[in-house]
Each structure stands twice: as C-alpha cells, then as structure tokens.
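There are 2 protein chains.
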Amino acid sequence: MSEPHVPEPRLDRPAKLLLRALAGERLERPPVWLMRQAGRYLPEYRATREKAGSFLDLCYRPDLAAEVTLQPLRRFSLDAAILFADLPLLAQALGQALDYRDGEGPILTPPIRSMADLDRLSLEHLPGRLAPVYETVRLLARDLPSATTLIGFAGAPWTLATYMIQGGGSADQAAAKRFAFADPRGFGRLIDLLVQAIIDYLDAQVTAGAEVVQLFDSWAGALPERLFRQWCIAPTQAIVRQLKARHPHLPIIGFPRGAGLLYQDYAEQTGVDGVSIDSTVPLSFAAERLQRRVCVQGNLDPQLLVVGGEAMRRETTRILEVLGHGPFIFNLGHGIVPDTPPAHVASLVEQVLAWRA
Amino acid sequence: MSEPHVPEPRLDRPAKLLLRALAGERLERPPVWLMRQAGRYLPEYRATREKAGSFLDLCYRPDLAAEVTLQPLRRFSLDAAILFADLPLLAQALGQALDYRDGEGPILTPPIRSMADLDRLSLEHLPGRLAPVYETVRLLARDLPSATTLIGFAGAPWTLATYMIQGGGSADQAAAKRFAFADPRGFGRLIDLLVQAIIDYLDAQVTAGAEVVQLFDSWAGALPERLFRQWCIAPTQAIVRQLKARHPHLPIIGFPRGAGLLYQDYAEQTGVDGVSIDSTVPLSFAAERLQRRVCVQGNLDPQLLVVGGEAMRRETTRILEVLGHGPFIFNLGHGIVPDTPPAHVASLVEQVLAWRA
Chain Y
192 MSEPHVPEPR LDRPAKLLLR ALAGERLERP PVWLMRQAGR YLPEYRATRE
242 KAGSFLDLCY RPDLAAEVTL QPLRRFSLDA AILFADLPLL AQALGQALDY
292 RDGEGPILTP PIRSMADLDR LSLEHLPGRL APVYETVRLL ARDLPSATTL
342 IGFAGAPWTL ATYMIQGGGS ADQAAAKRFA FADPRGFGRL IDLLVQAIID
392 YLDAQVTAGA EVVQLFDSWA GALPERLFRQ WCIAPTQAIV RQLKARHPHL
442 PIIGFPRGAG LLYQDYAEQT GVDGVSIDST VPLSFAAERL QRRVCVQGNL
492 DPQLLVVGGE AMRRETTRIL EVLGHGPFIF NLGHGIVPDT PPAHVASLVE
542 QVLAWRA
Chain U
192 MSEPHVPEPR LDRPAKLLLR ALAGERLERP PVWLMRQAGR YLPEYRATRE
242 KAGSFLDLCY RPDLAAEVTL QPLRRFSLDA AILFADLPLL AQALGQALDY
292 RDGEGPILTP PIRSMADLDR LSLEHLPGRL APVYETVRLL ARDLPSATTL
342 IGFAGAPWTL ATYMIQGGGS ADQAAAKRFA FADPRGFGRL IDLLVQAIID
392 YLDAQVTAGA EVVQLFDSWA GALPERLFRQ WCIAPTQAIV RQLKARHPHL
442 PIIGFPRGAG LLYQDYAEQT GVDGVSIDST VPLSFAAERL QRRVCVQGNL
492 DPQLLVVGGE AMRRETTRIL EVLGHGPFIF NLGHGIVPDT PPAHVASLVE
542 QVLAWRA
C-alpha cells in the first residue's frame with residue numbers, strides 16, 4: 192500500500208522487533224503485544240491480586256507488580272511487556288487521595304474544581320511516591336527475556352485531567368469538558384502541571400530501564416476539534432519534545448483513542464514514533480495516511496478476542512495483510528476484557544507469529 | 192468553502208426553512224432545532240412527567256406526549272419540533288417487555304441471545320401497539336405553528352439491536368458486538384426484522400403528518416469498519432430506499448454518532464438528505480467533504496450549552512461561519528443534558544436567528 196518512511200542509518204541498529212518497527216522498519220513479521228495483557232482474564236493474575244490484598248498494594252509492591260507483568264510472557268510469545276501500574280497513580284502522587292472500590296474503578300478526592308484544589312497539587316513528592324513503580328521497572332529490566340521490549344507508560348494530560356476533575360471515571364467526561372470550556376486558563380494550569388509530571392514520571396521509568404513509552408489518551412475521543420488540538424495534540428507535543436531532549440533515541444507511542452478524523456493530525460504533529468489506533472479506524476486509512484509518517488499499532492476489537500474462532504482469525508489476517516507491509520505492531524484496539532479466554536489469546540499470538548509479509 | 196449541491200427545480204418549493212435546507216438550499220440563516228429540546232432541563236417538562244406517572248405513560252399518552260413536544264416551542268423560536276417518544280418503544284412493539292427504573296434507563300426483557308428469543312419477536316402487533324405514537328404525531332401536525340417542521344424519528348437498526356441484545360443500555364455495546372461477530376447470520380436476521388419494523392414505523396409517522404424523519408444510530412461509533420459498513424450503512428440504505436419508494440419527497444436525516452472516519456461513506460452511500468454530526472467532527476471536514484453531498488446538521492457540544500456565555504457564543508459563531516454558507520441545520524452534537532439552564536438555550540437560539548450568511 193504505502194511506502195514506510197526510511198529510517199536514518201544507525202550504527203546501534205536495535206535487534207528487538209518492537210524497536211525496529213518503531214524505527215520505521217518494514218519487518219518480515221510484525222511484533223505483537225496486547226494492551227492489558229497482564230490482567231483479570233488470567234487466573235494467575237487473580238491469584239496474585241488476591242495475595243496483594245488491595246489493588247493499590249498490587250501496584251505499589253514491586254515484586255508483585257513485576258510478577259503480574261511477567262505472567263502473560265510465560266504463556267504467550269509476546270514481543271513486549273508493559274509495566275503493570277494504573278493511570279491514576281500519577282494523580283495520587285500529585286496529592287489527590289486515591290481509592291479503588293470493588294468493581295467501581297478509581298475514586299480521586301477531592302475532585303479538582305477550583306484554583307484552591309489545583310494549588311494543593313505539587314510535583315514535589317513525585318519521586319518518593321512513585322519510587323516503587325520505578326523499582327518495578329528495574330526488576331523487569333533485569334528479569335525480562337532479552338528479545339522482549341519493556342514498555343513504560345503514563346496517562347496523557349487530558350485523560351488524567353478527566354479523572355482528576357470528575358473524581359473518578361465518567362461516561363461522558365462532562366466535568367472536565369465543562370472546566371475546559373468555562374475556564375481555559377485554569378484548565379491550562381492543570382494540563383501544564385500534568386505535562387511536567389508525566390515527563391518526570393516517564394523520564395524516571397526510562398532511567399530505570401523502560402525502552403519505549405506509551406501515552407494513553409483513553410478519552411481523546413470525547414474532545415471537540417478545538418479542544419483536541421489544545422488539550423491532546425499540544426500537550427503531547429510538549430511531552431514528546433522534552434522527553435526526546437533527555438532521551439534522543441527513546442521511541443514514543445501515542446494512543447489518542449477515538450480520535451477519528453483527527454488521528455492524522457495527531458500522527459503528523461505530535462512527534463510520536465508510533466500511533467496506536469482503536470478498532471474503529473479503517474485499515475486502508477491507517478495504511479495510506481498514518482503509516483507513511485509513523486509506525487501504526489493496533490487494532491483488533493477486544494470483543495473479537497472474546498469470540499475467537501474463525502471470525503477472529505479472518506479479521507487478524509485482514510489486519511496483517513493491510514498493515515503488515517509497513518511499520519506495524521500488532522495489538523488490540525483497546526485493552527483485553529476480563530472474560531477473554533486465555534486460549535484465544537494463545538491462538539491469536541500464534542497466528543501473528545506465523546504470518547509473513 | 193464548498194459549493195452546495197444544486198437542488199432540482201421544484202414547483203412545490205417548500206416554504207419551511209428546514210425543508211429548504213434539506214433540499215440542498217443555501218439559506219440566509221440556517222434553521223435551528225436541538226436534539227432532546229423537549230426534556231428534563233425544562234421545569235414544565237418535569238411537571239408533565241410527574242403528572243403522567245411513569246415515563247412510559249408519558250410516551251403513550253398522546254395528549255401529554257404532544258404537550259411536552261410543544262413546550263420548547265413556547266419558549267424558543269425553533270424551526271422544528273421532534274416527536275416525543277423513546278427509541279426502545281419499537282423493541283417493545285416487537286415483543287420485548289420494556290420498563291424504566293428511575294435514573295437507570297430502559298430495561299428490555301428477555302435480552303435477545305438466541306434464535307428462540309428472536310423467533311418470539313414479530314411485526315404483527317406494531318400498528319396496534321404504536322397507535323398512540325401515531326396519534327401524538329396527528330395532534331402535533333394539527334397544533335404546530337405553520338412555519339415549524341414536524342420531525343418523526345426512530346432508532347437505527349444497530350443501535351436498537353444493542354439495546355435488545357444487552358437488555359438495556361451498556362457502556363461498550365459488548366453483547367451486541369459479540370453476537371454480530373459470532374453469528375453474523377443470526378444477527379442479520381435481527382437487523383432485517385428491525386429494518387422492516389423501522390420502515391413501517393416511520394411510514395406510519397409520515398402518514399400521520401411527520402414531514403421529515405431522523406434515524407438515530409447513537410452507538411454507530413462502537414462499530415469497527417466492517418461492521419459499520421454491514422450493520423450501519425447497509426441497513427440505512429435499505430430503509431432510505433424503501434421509505435423513499437413510498438414517500439418520494441420525504442427528507443431523511445441520518446445520525447451515525449461517532450462515525451468519525453466513516454461519516455463520508457455514510458453521507459455518500461446511504462441516500463440520506465441530511466447527516467447529523469457529533470461535536471468531534473472538524474467543521475472544515477464537514478464543509479469540504481459532507482456538505483457537497485448532503486445537508487449537514489450539528490454540532491455544538493451539549494456541555495458548552497451548559498457552560499453558556501462567551502465560550503458558547505464564540506463556538507456558535509465559528510460553526511455558523513464555516514457551515515452556514517452551505518445547506519445546514521444548526522443543532523447540537525448530541526442531546527441537551529438535564530442540567531442545562533434554559534436561559535442558555537434562549538440565547539443560543541437568538542444568536543442563530545440573528546446570524547446572516
């Protein structure tokens with residue numbers, strides 16, 4: 192379909208498939224990993240989770256967080272592991288109280304609704320509070336198989352802001368949108384703080400051993416065009432620029448989930464090396480408009496991984512045939528859901544590993 | 192920006208602004224109406240709702256349903272009224288039990304999960320069960336001011352299927368997607384039944400006096416490309432074709448909310464006269480790619496209507512300037528939310544009425 196962009200010649204040509212794909216190489220077969228590959232669909236995850244007590248204990252105990260990160264690699268021949276942690280940890284490190292109630296997702300208190308709430312947040316305690324996460328990264332860098340790439344991650348500023356302003360998850364991100372519409376200056380202060388926090392957080396993950404980082408903008412799809420440019424593209428640009436100033440060869444993947452008609456501007460303007468696409472993105476669009484500029488990652492529907500069988504196999508073939516000839520990382524369009532049969536994951540990974548461009 | 196398509200000369204040139212916009216005319220100022228303009232944000236709606244007892248009683252009592260349809264027209268100079276009803280009524284008419292629990296949305300039982308569930312559905316009782324809705328349309332056709340256009344509506348097949356299979360609303364339409372992936376033939380039978388039901392339902396609304404109909408595909412944005420083509424575009428084509436065979440001059444608006452990169456194919460392939468766009472659609476895209484083929488309707492963010500003031504005024508001006516020079520209907524990107532101040536609606540409508548191309 193499209194020509195991949197030609198990577199600059201590098202003396203330190205990386206051997207790992209994921210790094211080669213992110214450097215713009217067209218590979219014989221694409222690397223594969225799956226968002227939320229460590230999670231509730233695995234019985235061994237549920238056992239470790241139970242042992243940890245609370246979900247936060249699981250996130251903050253480096254031995255257990257490293258253990259659940261490694262679990263899927265023992266079952267499946269995946270090309271990457273992603274640090275086990277959760278987006279709202281960064282809000283907690285900035286000063287909000289964080290709690291998880293069973294089946295309800297994160298609760299952040301107090302919700303950020305005023306300048307006074309904002310003034311109580313601070314970057315000061317980040318290194319100390321997030322030290323256990325960096326320790327997890329160090330354990331993983333030590334224990335991962337040598338061909339496996341270690342991915343660090345953070346929530347993107349807009350998505351973190353939706354949690355912090357709402358005080359948790361929400362169906363329509365209404366509170367954050369209202370804040371952004373009503374007080375762009377105050378909202379900009381929160382975003383600026385988050386940009387700095389995310390840079391520090393990812394910088395420390397890289398120093399601890401992460402080889403790639405991914406920015407999850409899970410609620411980018413809620414943003415009208417102008418807000419998308421202002422609060423998704425621009426802050427991502429700032430993060431990419433400053434992270435690359437510190438780590439010039441660091442590959443960065445962006446995932447503006449639901450960006451629809453704005454994926455192309457995101458790919459062209461943010462400076463990311465890879466763009467993760469959700470399952471609604473037409474493959475021909477991704478091949479023709481995105482793959483010229485960036486490595487594309489995606490986009491099997493997680494519900495198709497639940498269904499499995501011939502339907503999954505056919506769609507996987509289609510994705511490989513359309514995107515596998517340019518720089519590409521096979522993944523889902525969103526995270527694995529809890530009732531996914533692990534056997535379906537096994538056959539998906541086998542199919543990708545067996546495919547040849 | 193773009194040239195509007197030139198309408199064929201008609202002897203019966205319609206006088207109503209909304210019909211002229213849908214016929215492809217570029218107008219001095221666009222017609223305006225707002226999705227969910229009859230609803231909980233109005234104290235008089237809440238009073239009528241209380242008087243009705245249950246939400247279903249409100250939907251099925253023609254005097255009360257007509258009353259709440261007319262309420263926003265007494266406050267605001269809107270160019271259209273949309274029949275007050277709710278999408279799941281059609282599922283009830285097909286044979287599912289429908290109930291509303293406070294603040295929880297519709298509950299449909301039993302959920303459609305097997306061929307046996309599907310076999311229990313039937314078109315047979317549609318005319319009798321939906322007779323009160325048609326009576327509401329007749330009352331409205333009689334009582335509406337002469338410049339106001341009466342819009343009928345139905346949920347589109349995919350969106351209705353998500354409710355029927357899930358047994359109510361859902362965050363990710365998982366049950367319907369799994370059904371569609373796992374058993375396309377069985378799912379196709381449900382969609383075919385819904386296509387016929389929707390045609391009968393809208394045909395009867397038109398016979399009762401509706402001048403325009405709108406198809407709400409509220410969950411179109413959940414569909415991966417292939418499913419979008421199969422379960423959103425194709426059934427909409429069938430509905431449009433058969434409705435136009437019965438009513439050649441009937442204007443039809445489609446609203447595939449969240450269609451993103453697939454809005455253009457929807458506009459070009461379904462045969463609709465107007466496409467309603469959600470708030471994430473970039474205005475330049477709508478002007479350049481959609482307005483050439485269809486009348487565009489949209490797309491102020493409903494949260495901006497809650498915020499009001501200068502932010503709302505500025506974005507409204509931007510929408511008018513970019514889209515107001517082609518065939519256009521001013522509307523929101525989604526329905527009015529309950530905590531919207533009616534005063535903001537008043538100033539929005541005044542601003543649109545005062546604008547000139």
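Each protein sequence line maps, in turn, to chains Y and U. Taking our numbering, the leading residue of the first sequence gets 192, the next gets one more, and so forth. Taking our numbering, the leading residue of the second sequence gets 192, the next gets one more, and so forth. No residue lacks a Cβ here, since even glycine has one placed at the ideal position from N, Cα and C. Computed from a prediction, not measured in an experiment: that's the story for all the values here.
Straight-line Cα distance separating residue j from residue i
| i | j | result |
| --- | --- | --- |
| Ala401 of chain Y | Ile444 of chain Y | 13 Å |
| Gly230 of chain U | Ile527 of chain U | 8 Å |
| Thr339 of chain Y | Asn522 of chain U | 51 Å |
| Gly465 of chain U | Leu218 of chain U | 15 Å |
| Thr461 of chain U | Ala399 of chain Y | 53 Å |
| Leu544 of chain U | Val386 of chain U | 37 Å |
| Arg201 of chain U | Leu209 of chain U | Note on Arg201 of chain U: pLDDT 45, under 50, position unreliable in the model; the coordinate value appears next. If you take the alpha carbons of Arg201 of chain U and Leu209 of chain U, they lie about 16 Å apart. |
| Pro493 of chain Y | Leu434 of chain U | 36 Å |
| Glu512 of chain U | Ala411 of chain Y | 26 Å |
| Phe476 of chain U | Asp456 of chain Y | 13 Å |
| Ala425 of chain Y | Gln542 of chain U | 31 Å |
| Gly346 of chain Y | Asp408 of chain Y | 6 Å |
| Tyr454 of chain Y | Leu418 of chain Y | 14 Å |
| Gln228 of chain U | Ala371 of chain Y | 24 Å |
| His438 of chain U | Phe519 of chain Y | 49 Å |
| Gln488 of chain U | Gly524 of chain U | 9 Å |
| Ala548 of chain U | Glu479 of chain Y | 37 Å |
| Gly226 of chain U | Gln482 of chain Y | Note that residue 226 of chain U is Met in the sequence shown here, rather than Gly. For Met226 of chain U and Gln482 of chain Y, the distance between alpha carbons rounds to 38 Å. |
| Val463 of chain Y | Thr427 of chain Y | 8 Å |
| Tyr232 of chain U | Thr531 of chain U | 6 Å |
| Leu247 of chain Y | Ala366 of chain Y | 25 Å |
| Asp383 of chain Y | Gly377 of chain Y | 10 Å |
| Ser305 of chain Y | Gly286 of chain Y | 15 Å |
Which of helix, strand or coil DSSP assigns to residue i
| i | result |
| --- | --- |
| Pro518 of chain U | coil |
| Asp383 of chain Y | helix |
| Ile424 of chain Y | helix |
| Ala167 of chain Y | Here chain Y comprises residues numbered 192 to 548, so residue 167 of chain Y is not present and cannot be evaluated. |
| Leu299 of chain Y | strand |
| Val324 of chain U | helix |
| Ala345 of chain U | strand |
| Val536 of chain U | helix |
| Gly360 of chain Y | coil |
| Ser475 of chain U | helix |
| Arg248 of chain Y | Correcting the residue identity first, residue 248 of chain Y is Asp in this sequence and not Arg. Three-state DSSP puts Asp248 of chain Y in a helix. |
| Thr531 of chain Y | coil |
| Pro253 of chain Y | helix |
| Arg509 of chain Y | helix |
| Lys242 of chain U | helix |
For residue i, the residue or residues it bridges with in DSSP
| i | result |
| --- | --- |
| Thr340 of chain U | U:Ala271 |
| Val223 of chain U | U:Phe521 |
| Cys486 of chain Y | Y:Gly465 |
| Asp408 of chain U | U:Pro447 |
| Leu491 of chain U | U:Leu523 |
| Val403 of chain U | U:Ile342 |
Are the region 453 to 468 of chain Y and the region 504 to 513 of chain Y in contact at 8 Å, needing three or more beta carbon pairs? Three or more Cβ pairs closer than 8 Å define a contact, and the region 453 to 468 of chain Y falls short of that threshold against the region 504 to 513 of chain Y.
Check whether the region 487 to 505 of chain Y touches the region 525 to 544 of chain Y, counting contact only when three or more Cβ pairs, one atom from each stretch, lie closer than 8 Å. The count of Cβ pairs closer than 8 Å, one atom from the region 487 to 505 of chain Y and one from the region 525 to 544 of chain Y, reaches three, so the stretches are in contact.
Relative to chain Y, which residues along the region 454 to 481 of chain U have a C-beta separation below 8 Å, given in chain order? The residues in question are Tyr454, Ser470, Thr471, Val472, Pro473, Leu474 and Phe476.
Inter-stretch contact at 8 Å, needing at least 3 Cβ pairs: the region 394 to 414 of chain U / the region 268 to 281 of chain U: In short, these stretches touch, since the Cβ pair count reaches three.
The region 415 to 447 of chain U: positions lying closer than 8 Å to chain Y by Cβ: Residues of the region 415 to 447 of chain U that bring their beta carbon within less than 8 Å of a beta carbon in chain Y comprise Pro415, Glu416, Arg417 and Phe419, in sequence order.
Decide if the region 277 to 296 of chain U is in contact with the region 350 to 364 of chain U; the criterion is three or more beta carbon pairs, one per stretch, under 8 Å apart. Contact annotation: the region 277 to 296 of chain U touches the region 350 to 364 of chain U, with at least three C-beta pairs closer than 8 Å.
Give the residues from the region 488 to 509 of chain U that approach chain Y closer than 7 Å (Cβ to any Cβ), ordered along the chain. Taking 7 Å as the cut-off between beta carbons, the residues of the region 488 to 509 of chain U near chain Y are Asp492, Gln494, Leu495, Val497, Val498 and Ala502, in sequence order.
With a threshold of 8 Å, are at least 3 pairs of Cβ atoms found where one atom belongs to the region 260 to 268 of chain Y and the other to the region 294 to 313 of chain Y? They do not touch, by the three-pair rule.
Is there contact here, the region 410 to 425 of chain Y with the region 445 to 453 of chain Y, by at least three beta-carbon pairs under 8 Å? Yes, they touch.
Cβ pair count under 8 Å reaching 3, the region 248 to 262 of chain U against the region 319 to 336 of chain U: Short answer: they touch.
Give, in chain order, every residue of the region 366 to 396 of chain U whose Cβ lies closer than 7 Å to some Cβ of chain Y. Look at the region 366 to 396 of chain U: the residues with a C-beta under 7 Å from a C-beta of chain Y are Lys368, Arg369, Phe372 and Ala373.
For the 8 Å Cβ check, are there 3 or more pairs between the region 376 to 392 of chain U and the region 305 to 316 of chain U? Result yes; three or more Cβ-Cβ pairs closer than 8 Å.
Would you list, in chain order, the members of the region 348 to 362 of chain Y that have their beta-carbon closer than 8 Å to a beta-carbon of chain U? Those would be Ala362, in chain order.
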